[in-house]
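Peer 1: When the count follows numbering that gives the first Met the number 0, it moves up by one through the sequence shown with no breaks and lands on 193 for the last residue.
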Amino acid sequence: MKLVFATNNEHKLDEIRHILDSSIRIQSLTEIGCMEDIPETANTLEGNAQLKANYIHEKYNLDCFADDTGLEIEALGGKPGVFSARYAGPGHNHQKNMDKVLVELGGEINRKAQFRTVIALILDGKKYSFEGIVEGKILTEKHGDKGFGYDPIFQPDGFNVSFAEMDLKDKNEISHRGKAVRKLVDFLKNYNKS
Ligand code: IMP
Numbered sequence: 000m001k002l003v004f005a006t007n008n009e010h011k012l013d014e015i016r017h018i019l020d021s022s023i024r025i026q027s028l029t030e031i032g033c034m035e036d037i038p039e040t041a042n043t044l045e046g047n048a049q050l051k052a053n054y055i056h057e058k059y060n061l062d063c064f065a066d067d068t069g070l071e072i073e074a075l076g077g078k079p080g081v082f083s084a085r086y087a088g089p090g091h092n093h094q095k096n097m098d099k100v101l102v103e104l105g106g107e108i109n110r111k112a113q114f115r116t117v118i119a120l121i122l123d124g125k126k127y128s129f130e131g132i133v134e135g136k137i138l139t140e141k142h143g144d145k146g147f148g149y150d151p152i153f154q155p156d157g158f159n160v161s162f163a164e165m166d167l168k169d170k171n172e173i174s175h176r177g178k179a180v181r182k183l184v185d186f187l188k189n190y191n192k193s
């Protein structure tokens, strides 16, 4: 089975190739010759993952999947959510995005948050979706320098360190993306072409 993963993020490609056996070959966007920016204009994670998967399926007629992730903070009504990557606006980067969250939360007592990943799969013309969630809280300041994105300010439930203080392997075992990817992989391993 050949499947396009609608990304060029080497880290994500490695992660999934690592879990899958060789009967399922994952191709990146570059490998199928897709060089354009795929629109991510939906206002939900589900919508954006679906948009990206639909784009590849319609344009290249290939089986494919796409993911979208957001940090959802309860006291901010679920923000930054689908806007996580560009939360601080023009000139955004991970530091500015985290600073904006810390300022907006201020001294708020309720610091509950979750990372949520949605994967949209199109296989033999049918659509499937997989979700992974990790619950935790937003710290009052940044801790650690591993990982990326909001990792320094997110502490998963059951741990007393931030994601940015954890080894990648330990993070993957409990992370939103790890959970969603494992659901996808289980589905693909059991998928029976009729
Ligand atoms: P993407 O959909 O995987 O590109 O993720 C969108 C944004 O969510 C990223 O730009 C990060 O800001 C944030 N994000 C996604 N996954 C993680 C993570 O594992 N740790 C911290 N931030 C993340």
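Positions of the beta carbon are idealized from the N, C-alpha and C atoms, including for glycine.
(1) List the endpoints of the continuous alpha helix (DSSP H) containing R85.
(2) Provide the residue(s) that pair with Q94 in DSSP beta bridges, ordered along the chain.
(3) What does the alpha-carbon distance come out to for the pair E14 and V180?
(4) Less than 7 Å between the CB of Y208 and some heavy atom of ligand 1, yes or no?
(5) Counting beta carbon pairs with one atom in the stretch 67-74 and one in the stretch 109-126, are three or more of them shorter than 8 Å?
(6) Indicate, with yes or no, if ligand 1 has a heavy atom lying under 7 Å from the CB of F114.
(7) For ligand 1, any of its heavy atoms closer than 7 Å to the Cβ of L70?
(8) Tell me which same chain residues have a C-beta within less than 6 Å of the C-beta of S193, skipping the five on either side of it?
(9) Determine the DSSP secondary structure at L75, reduced to helix, strand or coil.
(10) If you reduce the DSSP assignment to three classes, tell me which class S193 lands in.
(11) In angstroms, rounded to a whole number, what distance separates the CA positions of Q154 and K178?
(12) For the alpha helix (DSSP H) that contains K51, what are its first and last residues?
(13) By Cβ distance, which residues of its chain are closer than 7 Å to I173, with the 5 residues on each side in sequence left out?
Peer 2: So, from the listed chains and residues:
(1) What you label residue 85 is simply residue 86 of the sequence shown in a count that begins at 1. Segment: none, R85 is in no alpha helix (DSSP H) and carries neither H nor E.
(2) One-based indexing of the sequence shown puts residue 94 at position 95. Paired residue(s): none; Q94 is not in a bridge.
(3) As a first step, residue 14 is located in the sequence shown; it is residue number 15 there, counting from the start. As a first step, residue 180 is located in the sequence shown; it is residue number 181 there, counting from the start. So the alpha carbons of these two residues sit roughly 9 Å apart.
(4) Shown here, the chain extends from 0 to 193; a query on residue 208 therefore has no answer.
(5) yes
(6) Mapped onto the sequence shown, residue 114 falls at position 115. True, at least one ligand heavy atom lies under 7 Å from that Cβ.
(7) In the sequence shown, the residue the question calls residue 70 occupies position 71. Correct: L70 has its Cβ closer than 7 Å to ligand 1.
(8) As a first step, residue 193 must be located in the sequence shown, where it is residue number 194. Interpretation of S193 is limited by its pLDDT of 49, a score under 50 that renders its predicted location unreliable; the figure taken from the coordinates is listed afterwards. Excluding positions up to five away in sequence, the list is empty.
(9) Counting from one through the sequence shown, the residue named residue 75 turns up at place 76. DSSP places L75 in helix when its eight states are reduced to three.
(10) Within the sequence shown, numbered from 1, the residue matching residue 193 stands at position 194. Unreliable positioning characterises S193 in this predicted model, as indicated by a pLDDT of 49, which lies under 50. The coordinate reading is nonetheless provided below. Coil, per DSSP.
(11) Along the sequence shown, one-based indexing puts residue 154 at 155. Along the sequence shown, one-based indexing puts residue 178 at 179. Answer to the nearest angstrom: the Cα atoms are 17 Å apart.
(12) Position 52 of the sequence shown, counted from the first residue, corresponds to residue 51. Run containing K51: 44-59, per the alpha helix (DSSP H) assignment.
(13) By one-based count along the sequence shown, residue 173 stands at place 174. Result list for I173: V133, P155, in chain order.
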